[in-house]
Amino acid sequence: ESEANGDQIQGKCCICKVPWDRYVGKKKCYTCGVPVLMCDSCMSKKPDKTPGMELSVRCPLCVKENITVPANEVEFTANGVRNKDSNSSEIKETNKKYDDEDAKRTKQQQE
């Protein structure tokens, strides 16, 4: 009916790809957490709560970029230093080096 009026549905269900344009059920992308479109049929299957099916609940960008690891499981680094202890002396030393270089550049620009 809505397509006959020229209002084509732009969105698609993130699971089955059927045209869908309503955010219902507060479903979020498994990897990045943004809201995703999920049709009633797929929502009833609860893919986000079914072990092994979580990856099917992803936003179009995460699918396109093949992002499969949830953002909350990604290990971030401090200037390339891989260490979970943010208070480590190596991280502090690296950060101080970058801070000193920034201060030197700023001083040179002001002269």
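Everything in the sequence shown is counted per the numbering used here, starting at 78 for the first residue and increasing by one.
C-beta: ideal position from N, C-alpha, C; glycine also.
All values reported here derive from a predicted model rather than from experimental measurement.
Asked: Within 7 Å, strictly: CB atoms of Pro-124 and Val-140; Found: no
Asked: Outcome for Lys-104 when other beta-carbon atoms lying within 10 angstroms are tallied against a minimum of 16; Found: buried
Asked: Pro-147 - partner residues in DSSP beta bridges; Found: In DSSP, Pro-147 forms no bridge with anything.
Asked: Pick from Pro-147, Thr-127, Pro-128 and Lys-126 that is closest to Cys-136, judged by C-alpha positions; Found: Pro-147
Asked: Helix, strand or coil at Pro-137 [DSSP, three-state]; Found: helix
Asked: C-alpha distance - Glu-80 paired with Lys-94, whole-angstrom precision; Found: Because Glu-80 sits at a pLDDT of 48, beneath the cut-off of 50, its placement in the model cannot be relied upon, and the following sentence gives the value as read from the coordinates. Roughly 17 Å separates the two Cα atoms.
Asked: Met-120 versus Gly-88 - alpha carbon distance; Found: 16 Å
Asked: Opposing strand residues paired with Lys-89 [DSSP bridges]; Found: Pro-96
Asked: DSSP three-state assignment for Lys-105, whether helix, strand or coil; Found: strand
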